[in-house]
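Q: First residue of the sequence shown: 1, per UniProt numbering; consecutive thereafter.
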Amino acid sequence: MLQLQSFLGGCVYSVRAAANLSKPIDNDLAAWKVWLKKLNLVAISCPDVYQALNNLSLMLADHREYGPILIKKKFRILGEPQFYLYQLNSNVEHRVNIEQLVSITSVFYLVEKVESELARKPKKIASFIFRHVQPLTKQLLLLQILSGGLQSMLFLINFSVLSSIVPDRSIDSWFSVAWLFSAVVLSFFLGQFLIGRVQLMVDSAANEQQKLVQLSVLWSLPPALMNDNTEQQLLLCQKLTNSARSIQKIQQLSVAMLVLVPVLIMMFIRLPIALFVLALLLAVISCFFQVMIEKKKIKKWEAFTQVHSSQRSALRKILSSFKIKRHFVALDSLFDEWLENDMRALKCRVKVDRLGLLTQQLPDFSSGLVQILSIIGLSFLLVSADSTGSELAIADAFIILHLINTCYQMSPRVAQLFNQLSQVKYDLYSCRKLIAGLRSHKKEPITTPDASVAFHDLKLPYQCVLEQKGLSQISGQQIVHICGESGAGKTTFLHCLLGLQKPVSGKIEVLGVNPHAMDADERCKIFSYVEQKSELLPGSLKDNLNLFASLKVAERDVWHALELVKLDDRVRRLPLGLDTPILDTQASFSTGEQQRIVLAQAILKRSIILVMDEAMSGLPEKMEIEILKNIRPLFQQIFFVSHRAHLQKFADRSIVLSRDVGAV
C-alpha cells in the first residue's frame with residue numbers, strides 16, 4: 001500500500017498508515033469506501049461527473065474496465081490539467097486524459113476529515129485548504145517575484161535609454177530600445193496574463209475545497225463541542241476557513257510588496273528629495289486612512305449583525321405572542337421593539353455601505369492626487385532649471401512618473417496587508433470565543449412535568465404482596481429499586497404500573513391518571529419500558545436506535561445516547577458506524593450490547609418515566625451503576641428490577657415484593 005500513500009501524498013494533508021491495513025475482501029466500490037474511511041477519507045456522492053472532474057482534485061469512481069479507481073488532478077500554469085488514475089485492485093497508476101474518463105460511473109468526492117487539533121489552528125487549516133494547489137501557489141509567488149524583479153531590473157539597467165535614443169541613433173541605442181520593449185512585453189505577460197491565470201485557478205480550487213473543509217471541520221468537532229447551536233458551529237467553521245484564506249493572502253501581498261523595494265530605491269536615487277517625500281507621505285496617509293476605514297467598516301458590520309440578531313429575536317417574540325397570548329397590548333409593545341431594531345439595523349447597514357464605497361474610491365482618488373502633484377512638481381522643475389542646479393530631461397521626468405505610479409501600487413497592498421492581519425486577529429479571537437462557548441455549553445436535561453406515582457389500597461394479582469405497609473406515593477425525581485425473590489411478582493407490579501394489567505383491588509395513579517384507563521398513545525408518551533430480552537429489528541443500527549424517537553433526531557443526539565450507555569466506542573469501531581446492517585442479531589452484538597441499544601432507544605424516545613425489568617442483566621455491575629448515573633437526569637423517575645443486592649444502596653427507594661396470600 002506504499003504506492004497508494006505516494007499517490008495520495010500530493011493532495012491529502014495527512015494519510016493514516018495504509019501499510020498496516022489489509023485490502024477489503026470484496027473488491028467492489030462500497031467495500032473500498034469503507035476502507036478509505038479508515039484512512040480518514042470520507043466519500044461524498046457527486047451526481048455530475050464533469051463537474052467533479054473540473055473542480056475536485058481527488059475522486060473515487062467505478063471504471064468499466066479498471067473497476068474501483070482513484071482519480072487525481074494536477075493543475076498546470078500552461079495547458080490543461082493532468083489526470084492520474086490509480087487502480088485500487090491492482091495497485092497500478094496511469095496517466096490519462098479527460099477523454100479516457102468518460103466511462104467512469106458512481107463518482108464520489110474524497111474529503112479528508114480534519115483532526116480536532118488541526119481545526120483550531122488557522123495556519124494548518126490554510127495548509128490543509130491549499131494542499132492540492134500548493135505547486136500552483138509556489139509558482140504564483142515565483143511569478144510575482146519574477147515580474148516585480150524584471151520591472152526593477154528594467155529601470156536599473158536601461159534607465160537612460162529614452163534620453164540617449166534621440167541624439168545617438170546608434171545600433172546600441174536601438175538594441176537598448178528593443179530590449180526595453182521586450183522587457184515591457186515580458187513583464188506585462190508575467191504580471192498580467194500568467195499571474196492572473198494562476199490566481200484564478202488557485203482561488204477557484206481553494207473556494208471549492210473551502211466548502212468541503214467547512215463540512216470536514218464540523219465532522220471533526222469533538223462530541224463535547226457538538227450541541228444544538230448549529231449556527232455557532234457553522235460560524236466557527238466560516239471563521240476558521242476565512243482566517244486560512246487571509247493568511248494565504250498575506251503571503252501573496254508580502255511578496256508583491258517585497259519585489260517593489262528596488263523601484264522605491266530607484267525613486268529615492270533619481271527624484272528630488274522633496275518630491276520623493278511628498279509622494280511617500282501621501283501614500284502613507286492614503287494607506288492609513290484605508291486601514292482605519294476598513295476597521296471602522298468591520299465594527300459597523302459587527303454592530304449590524306448584533307442588531308439584526310435582536311431584530312430576529314423580537315420577531316420571534318411577536319410570533320410566539322400570536323400563538324400564546326393574543327393580547328393586542330402586548331403585541332403593540334413587541335411591534336414597537338421590532339420597528340426600533342429594524343431602524344437601527346437599517347442605519348448600521350447604510351453606514352457599512354458608505355464606508356465600503358469610500359474604501360473602494362479612496363485608492364483611485366489618492367493615486368490621481370499623487371500623479372497630479374507629481375506632474376505639477378516635475379513641470380516646475382523642467383521650467384525652472386535653477387531650482388535643482390541642473391537640467392531635468394523629459395525622458396527622466398517620464399520615467400520618474402512611471403516610478404511614482406509603480407511605487408504607489410504598494411499603497412493599496414500595504415492597506416490590504418494590514419486589513420488582512422487585523423481580520424485574522426479578529427477571526428482568531430472569534431474562534432477562541434466560540435470554542436470557549438461551545439466547551440462551556442452543557443446539555444440541559446430534558447424538562448418534563450414533575451412525575452408522581454400514587455398507590456391507593458393496592459392489591460396485586462397472583463397473590464403478590466408489597467412488603468411496605470403504607471406505601472402511598474412516590475414523587476419527585478427518584479430511582480426506585482424493585483426487588484424480591486424469583487416469582488414474587490416484580491414483573492406483575494411493573495405491568496400494573498404501566499397499565500398493562502389491572503390490580504385485583506385499589507388503583508395506581510400516574511400524574512393523577514389511572515394508567516389502565518390511558519390509551520396507548522398516552523402511555524407511550526409517559527413510559528419507556530425495557531425488558532430483559534432485547535430484540536432488534538432487521539435494518540441498520542441507526543434505524544433501530546431511532547425506532548421510537550421523534551421524526552427529527554439529530555445524529556449528535558444518537559451519539560450522545562450511545563455515549564450514555566457506554567456503547568459509542570464500540571459503534572465507532574464498526575466499519576459502517578451507525579449504518580451497520582443488522583441481519584443476524586446474535587452474530588452482530590452480544591446480549592449486553594443488545595440491551596444497551598434498546599436502552600438507547602428509550603433515551604431517544606424522551607419519556608417521563610423509565611421502567612426496566614432486568615434490562616441490564618447482561619452487563620457487569622460496575623457498568624450498570626455508571627449507566628444508571630448517566631441516565632438519571634434524563635427521567636423524572638426510574639423503576640428498575642434487579643437481583644443485585646448492592647443496587648439497593650444506589651436507589652433512592654426500594655419496593656420489596658413477596659409471594660403470599662394477603663393484601664396491602
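Backbone N, C-alpha and C define an ideal beta-carbon position, used for all residues, glycine too.
1) By Cβ distance, which residues of its chain are closer than 6 Å to Glu-531, with the 5 residues on each side in sequence left out?
2) Can the beta-carbon of Leu-567 be found closer than 8 Å to that of Glu-535?
3) From which residue to which residue does the alpha helix (DSSP H) around Ala-602 run?
4) In the DSSP assignment, find the alpha helix (DSSP H) that holds Thr-491 and state where it starts and stops.
5) Compare the beta carbon distance of Val-656 and Gly-484 with 8 Å and say whether it is the shorter of the two.
6) Looking at C-beta atoms only, is the number of pairs between the region 567-579 and the region 474-482 that lie closer than 8 Å three or more?
7) Reducing DSSP to helix, strand and coil, say where Arg-570 ends up.
8) Report the residue from Lys-73, Leu-88, Asn-91 and Gln-87 whose alpha carbon sits nearest the alpha carbon of Ile-98.
9) Determine the closest residue to Ile-582 out of Gln-595, Ala-600, Val-92 and Leu-541, with distance taken between C-alpha atoms.
10) Compare the C-alpha of Glu-112 against each of Met-59, Ile-104 and Leu-619 and name the closest.
11) Ala-43 and Leu-110 look like a contact to me (Cβ under 8 Å); what is the Cβ gap, rounded to whole Å?
12) For Ala-61, does the three-state DSSP call read helix, strand or coil?
13) With a threshold of 6 Å on Cβ separation, who are the neighbours of Pro-620 within its own chain once the five nearest residues in sequence on each side are excluded?
14) Would the beta-carbon of Ala-600 fall within 8 Å of that of Ala-561?
15) Counting pairs of beta carbons, one from the region 458-469 and one from the region 637-646, are three or more of them closer than 8 Å?
16) Spatial neighbours of His-94 within its chain, please: CB distance less than 6 Å, with the 5 preceding and 5 following residues excluded, ordered by chain position.
17) DSSP on Cys-524, reduced to helix/strand/coil?
18) Assign Ala-549 to one of three DSSP states: helix, strand, or coil.
19) Does the beta carbon of Arg-95 sit closer than 8 Å to a beta carbon anywhere in chain D?
20) Name the DSSP bridge partner or partners of Val-277?
21) Apart from the five residues just before and just after Ala-663, which ones in its own chain have a Cβ nearer than 6 Å to its Cβ?
22) Going by DSSP, what residue range makes up the alpha helix (DSSP H) through Phe-650?
23) Considering Cα atoms alone, identify which of Ser-45, Leu-29, Phe-83 and Val-571 is closest to Leu-64.
24) Could you say which of Lys-605, Thr-591 and Lys-33 lies nearest to Gly-618 if we only look at CA atoms?
25) Am I right that Gly-489 and Cys-524 are in contact with their C-beta atoms under 8 Å? What's the rounded C-beta distance?
26) What is the rounded straight-line gap between the Cα of Ser-548 and the Cα of Arg-596?
27) Once the 5 residues before and after Ser-103 are set aside, which same chain residues still bring their CB inside 6 Å of it?
28) Between which residues of its own chain and Asp-386 is the CB-CB distance below 6 Å, once the five residues before and five after are set aside?
29) Tell me which same chain residues have a C-beta within less than 6 Å of the C-beta of Gln-501, skipping the five on either side of it?
30) Please tell me whether Leu-4 and Asn-91 are closer than 8 Å, where the distance is taken between their beta carbons.
31) By the three-class DSSP mapping on this structure, what secondary structure does Val-465 have?
32) Looking only at its chain, what residues have a beta carbon closer than 7 Å to the beta carbon of His-516, apart from the 5 residues adjacent to it on each side?
33) Thinking just about the alpha-carbon of each residue, which of Ile-482, Val-504, Asp-521 and Ile-474 is nearest to the one in Pro-461?
34) Buried or exposed: which applies to Ala-651, given that a residue is buried once 16 or more other Cβ atoms fall within 10 Å of its Cβ?
A: So, to answer that:
1) Asp-613
2) no
3) 591-605
4) Residues 490-498.
5) yes
6) no
7) helix
8) Lys-73
9) Selected option, being the one with the closest Cα: Leu-541.
10) Met-59
11) 6 Å
12) Strand.
13) none
14) In contact: Ala-600 and Ala-561 (Cβ atoms closer than 8 Å).
15) no
16) Leu-85
17) helix
18) Here Ala-549 carries a coil assignment [DSSP, helix/strand/coil].
19) Reference to chain D is not applicable here, since this structure consists of a single protein chain.
20) Looking at the DSSP output, Val-277 shares a beta bridge with no other residue.
21) Annotation note: pLDDT 43 at Ala-663 (below 50); position unreliable, coordinate value reported separately. Cβ-Cβ distances below 6 Å link Ala-663 to Lys-459 in the same chain, with the five nearest sequence neighbours on each side left out; the list follows chain order.
22) 647-650
23) For clarity, residue 64 is Arg in the given sequence; the question names Leu instead. It is Leu-29.
24) Thr-591
25) Incorrect: roughly 25 Å between the Cβ atoms, too far for contact.
26) Contrary to the premise, residue 548 reads as Phe rather than Ser in this sequence. Answer to the nearest angstrom: the Cα atoms are 15 Å apart.
27) In its chain, beyond the 5 residues on either side, Arg-64 have a beta carbon closer than 6 Å to the beta carbon of Ser-103.
28) A caution first: Asp-386 carries a pLDDT of 46, below 50, which makes its placement in the model unreliable, though a value can still be read off. None.
29) Closer than 6 Å at Cβ, skipping near neighbours: His-495.
30) yes
31) strand
32) Gly-499 and Lys-502
33) Val-504
34) buried
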